[in-house]
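Every letter in the sequence shown is one number past the one before it in our numbering, and letter 360, counting from 1, is 345.
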Amino acid sequence: MKKILISTALLAGVLSYAGGFRVSLQGVKQLAMAHTSAHAEDASVAFFNPAGMSFIPSKLSIVAGGFGASNKVTFQNLNTLKSTETDNPLGTPIYAAIAYKPIDKLSIGFSFSTPFGSTIQYPYDWEGREMVQKLELKSFYFQPMVSVKMADWVSFGASYIYARGSVNWDKAVTQFGGTVNIKDEKASGHGFGFGFYFRPDPKLDVSIAYRSPVDMKAKKGTATFVAPAQNTVNALLGLNGAGQDRFTATLPLVEEYTIGLTYKVTPKWLISADFNYHGWERYSQLTLDFANAPIGNQADPTILVAPKNFKNSKTVRLGTQYAFTNMIYGRLGAYYDESPYSDDNFIPETPSFDSFVLTGGVGFKLKKFGVDVAGGYAMPQSRDVKNNYLGFYGQAKAKAFYFGLGLSYNAF
């Protein structure tokens, strides 16, 4: 039987302006300043560095927020000149965190976030339909954490990460004139994070943090084939009466290293900078192990290995805030985000571009309450697509913008 090649991006979410499928939307205030991390005014610091909780000026701090993220990818075949544009729905990443000091030197907290995930939607009859028609990812990080103030100017913090996720991916199987849906709603993984937060001078904050890899494991995934000759396909692939087979897979969500600085130039004006290093190199391939269907490309015909060939990448961020009054704050930022793969490894399921991003926003402080709004505009660089493994060639470009609303409450 002729093998069916299923090139998969299982669990790999897509935001075209991001390096890989990391979604840098975990704090509205932070986004307005290029998503920089060395800010310990409230519990939003918890996701970026648990050690920062020790420097929150309030004993109890609560934050929550959400974003709207719009992105489109356009692919053009240079031989036919046919152009295809995605019709992606609005992405809605969210976050929430709480930090509490039960005693002076100890802080405990909890962070909820969605650091990976989105949806990409191509026309179902487009030329790359055998690779992807639609891919939807949802991922959630739950992080309990603790921070200890080791001295007045330094603290250490650590967190445990429990991750849950789901994937819903459609692609065409033209050999049978049908489609396959790859789905798992209970993928999970575990990880950890830790960091140090320094305030050697009242004008200077320094944040050093590490977030570990998380292997997202899909243990009970379902592959559903739909074809005109359904009974024949079921018998050929060893499917059940509903045209389904089970599969397992593991997607590595990679580690992240961050160094952040915030310096108060004047009592009203501060400047922040971050350097992020992402360990994408460990995402060299993705393996799917089907229970029965002989649709793989290995000696065991039920195992499919798809090369990814990602490389480590960097992000450089610069942001600023100015206090117009004690109640109104203006913020601006810019950052450069590297794609973790070359043109030779461009993947339509996870389209990634080197991107320059401009951000800005306004914050309002009303005694114990804070309201923040932010927006960003991404300028991804177009790419020459030449993936020999997939037989996928042409040009790809993207555009993206996003906005967010965040609330904070420093109780006492």
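Yeah, the Cβ is synthetic: ideal placement off N, Cα and C, and Gly gets one too. Predicted model only: the values in this text are computed from it and were never measured.
Taking a 10 Å sphere around the C-beta of K188, we find fewer than 16 other C-beta atoms and assign the residue as exposed. Less than 9 Å divides the Cβ of E240 from the Cβ of R196. Distances from the alpha-carbon of L271 to those of E323, I332 and G376 put I332 closest. If only complete runs of 3 or more residues are kept, the segment 335 to 390 shows the beta strand (DSSP E) at 340 to 351, 354 to 365 and 368 to 372, in order along the chain.
Residues S1, T71, P336 and A383 of the same chain have their beta carbon placed closer than 6 Å to that of V58, with the five preceding and five following residues left out of the count. Secondary structure of E115 (DSSP, three-state): coil. Boundaries of the beta strand (DSSP E) around K205: V199 to V211. Residue range G163 to D186 is occupied by the beta strand (DSSP E) that includes K171. Considering only T251, K202 and T217, the residue with the shortest C-alpha distance to F232 is K202. The DSSP-derived three-state label of G37 is helix. Per DSSP, the unbroken beta strand (DSSP E) holding N56 starts and ends at L45 to Q61.
Counted as a single uninterrupted DSSP element, the alpha helix (DSSP H) harbouring K14 occupies residues V13 to A17. For V131, the closest C-alpha among the options K293, Y321 and F40 is that of F40. Proximity to G37 across S103, V48, A25 and W138 peaks at A25, based on C-alpha coordinates. When C-alpha distances from F260 are compared across K249, G345 and I244, the shortest belongs to I244.
Linking G163 to A212 through their CA atoms gives a straight-line distance of about 4 Å.
In the DSSP assignment, Q215 falls within the unbroken alpha helix (DSSP H) covering Q215 to L222. Under the three-state reduction of DSSP, V30 is assigned to helix.
Using a Cβ-Cβ distance cut-off of 8 Å, the segment 7 to 20 and the segment 346 to 353 are in contact, since at least three pairs of beta carbons, one from each stretch, lie closer than that value.
Check the Cα spacing between F141 and each of A31, T104 and V358: the tightest is with A31. Counting the other Cβ atoms within 10 Å of the Cβ of Q283 gives fewer than 16, which makes it exposed. Taking all protein chains in view, the Cβ of Y109 is surrounded by fewer than 16 other Cβ atoms within 10 Å, so the residue is classified as exposed. The three-state secondary structure of N153, taken from DSSP, is strand. Contact check for S144 against Y85 fails: the beta carbons are separated by 9 Å or more. Here the alpha carbons of N56 and D329 stand approximately 23 Å from one another.
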